[in-house]
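The structure appears right after this line, and notes come after that.
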Amino acid sequence: AQSVTQLDSHVSVSEGTPVLLRCNYSSSYSPSLFWYVQHPNKGLQLLLKYTSAATLVKGINGFEAEFKKSETSFHLTKPSAHMSDAAEYFCVVRDYGQNFVFGPGTRLSVLP
Amino acid sequence: DAGITQSPRHKVTETGTPVTLRCHQTENHRYMYWYRQDPGHGLRLIHYSYGVKDTDKGEVSDGYSVSRSKTEDFLLTLESATSSQTSVYFCAISERDRGRYEQYFGPGTRLTVT
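Protein chains in written order, with my numbering: chain A, 1 to 112; chain B, 1 to 114.
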């Protein structure tokens, strides 16, 4: 069965500093992986996806993630945080049957 | 934005009453999902559909039923609402062709059971 671990429930960074949100997964198949962002009282928006093409994936708003099969990781990064990045971030793995398993989420705070 | 709407957007109801939430899509996607979101739990799958009249249970399906009579509509019913079903409910859609696998989400329905 698929599972997702987000290693930090809360990350706090200063504006202009790098962001790292960690995600590890387990999967019996070659997985598809996603990062979603949820701003307060909003729905979920797709940031980026990995579907067995390039291992370094670029998304919207300057975010990137690197798929590392040997480490079963899919960490999300951004070189310079902006105040508007403050939100909840979810790592998601898709299984063979088009079902999706969500991590518990990481809340990102950006300090001025 | 993907064409997904949810209705109602907010609802307050009393314990023991039936409640139906509606998800409507204009994307003609095959797969539709209902999730609930609660603090500390992320999103948990209630039920999903892989075609008209084809549905299956998710990890938290007790107390919920679903129906899909048309491609565009997926209904979630709480037969007899309980306070533990107070939550934010999200509908999602997805497709599975030409490299497209990702889900798109509706705006959510905030349900309060008093």
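Even glycine gets a Cβ: it sits at the ideal position worked out from N, Cα and C.
Residues of chain A with CB under 7 Å from Gln103/B, in chain order? Phe100
Neighbour flag for Lys49/A against chain B, beta carbons, 8 Å: yes
Interface residues of chain B around Gly43/A at Cβ under 8 Å? Phe90, Phe105, Gly106, Pro107, Gly108
Element boundaries [beta strand (DSSP E), containing Lys11/B]: 10-13
Could you check whether Pro8/B and Thr77/B sit closer than 8 Å to each other, using their CB atoms as the reference points? no
Would you report the Cα separation of Ser9/A and Ala53/A, rounded to the nearest angstrom? 29 Å
List, in chain order, every chain C residue whose beta-carbon is nearer than 7 Å to that of Ser109/A. Included in the structure are the protein chains A and B, with no chain C among them.
By Cβ distance below 7 Å, which residues in the same chain neighbour Glu15/A in space, the five residues on each side in sequence not counted? Ala81, His82, Met83, Val110, Leu111, Pro112
Would you say Gly59/A reaches chain B, if we count a Cβ-Cβ gap shorter than 8 Å as a contact? no
Under 7 Å Cβ-Cβ, which residues of chain B neighbour Pro119/A? Any property of residue 119/A remains undetermined from this structure, which presents chain A solely from 1 to 112.
What is the rounded straight-line gap between the Cα of Gln6/B and the Cα of Lys53/B? 20 Å
Straight-line CA distance for Val92/A to Arg44/B? 12 Å
Count the other CB atoms within 10 Å of the CB of Lys78/A; is the residue buried (16 or more) or exposed (fewer)? buried
Quick one: is Phe63/A near chain B, going by C-beta distance under 8 Å? no
Do Thr26/B and Glu72/B count as a contact pair if the criterion is CB distance below 8 Å? yes
Just curious, the beta strand (DSSP E) that Glu66/A is in, first and last residue? 64-68
Compute the beta-carbon to beta-carbon distance between His156/B and Asp56/B, rounded to the nearest angstrom, for a pair I have assumed lies under 8 Å. Nothing about residue 156/B can be reported from this structure: the residues present for chain B run from 1 to 114 only.
In whole angstroms, what is the alpha-carbon distance linking Phe100/A and Thr114/B? 31 Å
Determine whether the beta carbon atoms of Lys49/A and Ser26/A lie at a separation below 8 Å. no
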